[in-house]
Structure formats: C-alpha cells, structure tokens
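Numbering (the numbering used here), first residue to last: 2 to 143.
All residues carry an ideal CB built from backbone N, CA and C; glycine is no exception.
Below: the structure, in structure tokens.
The structure is reproduced here in structure tokens:
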C-alpha cells in the first residue's frame, strides 16, 4: 500500500492581550485544543499585539486565539489583526470571551474570523478554530 501523507496538526497560539489577568478560560481552551490533536502555544498574560505577531511568526501558527474579558475587544482584537498583517502574516484570529452581540459585526469588519462567547462547548471551540484555519485570512479592517 502506498504511503499516505498525513496533514500536520494545526498550530494555535493562544494569548491574553492587554491587562486582563483572568486566565482560567484560556487554559481550558488550550487543553480542549490540545486534546483535539492541535499543537498549542500558550503565550500567557499581558501580551501586546506586536508580541503576539512576533510569536505567531516565530512559531508558524495557523490560528491565533485571543481571550478577551476586559471590555477592550474593539481596540485590542483589531490591533492584533493589524499587527499580524503588518508582519506579513495571514493568520486567522479567533476571539473568545465577553463580547456583546452588537460588537460582532465590528470585529468581523476588523478581520476577526470568529467570536466565541462564554459557555461555548468544546466542539464549538474546535470547530471555530478549524474553520478559521481553513478559510482565507481576512484583511485588517480600517
């Protein structure tokens, strides 16, 4: 039988951007993704958009996952997308956390691939990351 090529596992960078110190949820998400067969790089707390872009480039990730619980999602998530695009990366960005429904179109326009709210199931998290990795990267918004 001929050798079959096996696709490498998705590489996902998960990080907390800004001054938000609430990290329990992102650690749970990291484990969910790892258990789904993905390689997970945990950048930890208090990252800047530039730091996230640098880590994403260095680690050659397919998706960046941001945990947002500080109310700054309309500022920080677009800044991460912009930093990634400025670094020449087309990496998809998935946001998880407290995001009001009214802000979803604004994040989509800014280039965020998907937003997951509190209580998202493990299957929803895995599906969102896989879909983001498979879709063409969105450009940074205005």
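Contacts around residue i, its chain only, beta-carbon distance under 8 Å, and the 5 residues preceding and following it disregarded
i, result
"residue 2", "Confidence in residue 2 is poor, its pLDDT being 49 and thus under 50, which makes the residue's placement unreliable; the coordinate value appears in the next sentence. Closer than 8 Å at the Cβ level, and outside the excluded window around residue 2, lies no residue."
"residue 78", "18, 67, 69, 94, 96, 108, 111 and 113"
Unbroken beta strand (DSSP E) run spanning residue i, endpoints
i, result
"residue 42", "40-48"
"residue 67", "64-69"
"residue 95", "93-98"
"residue 116", "115-117"
Buried or exposed by the 16-neighbour rule on C-beta atoms within 10 Å, applied to residue i
i, result
"residue 61", "exposed"
"residue 140", "exposed"
"residue 103", "exposed"
"residue 117", "buried"
"residue 124", "exposed"
Residue i, enclosing alpha helix (DSSP H) - first and last residue
i, result
"residue 13", "Not the alpha helix (DSSP H): residue 13 falls in the beta strand (DSSP E), residues 12-18."
"residue 23", "Where residue 23 is concerned, there is no enclosing alpha helix (DSSP H), given that its DSSP letter is neither H nor E."
"residue 85", "74-87"
Beta-carbon gap between residue i and residue j smaller than 7 Å
i, j, result
"residue 52", "residue 98", "no"
"residue 19", "residue 73", "yes"
"residue 164", "residue 85", "Lying outside 2 to 143, the shown extent of the chain, residue 164 is not represented and no answer is given."
"residue 65", "residue 94", "yes"
Own chain, CB closer than 6 Å to residue i, minus 5 neighbours either side, in chain order
i, result
"residue 11", "39, 63 and 134"
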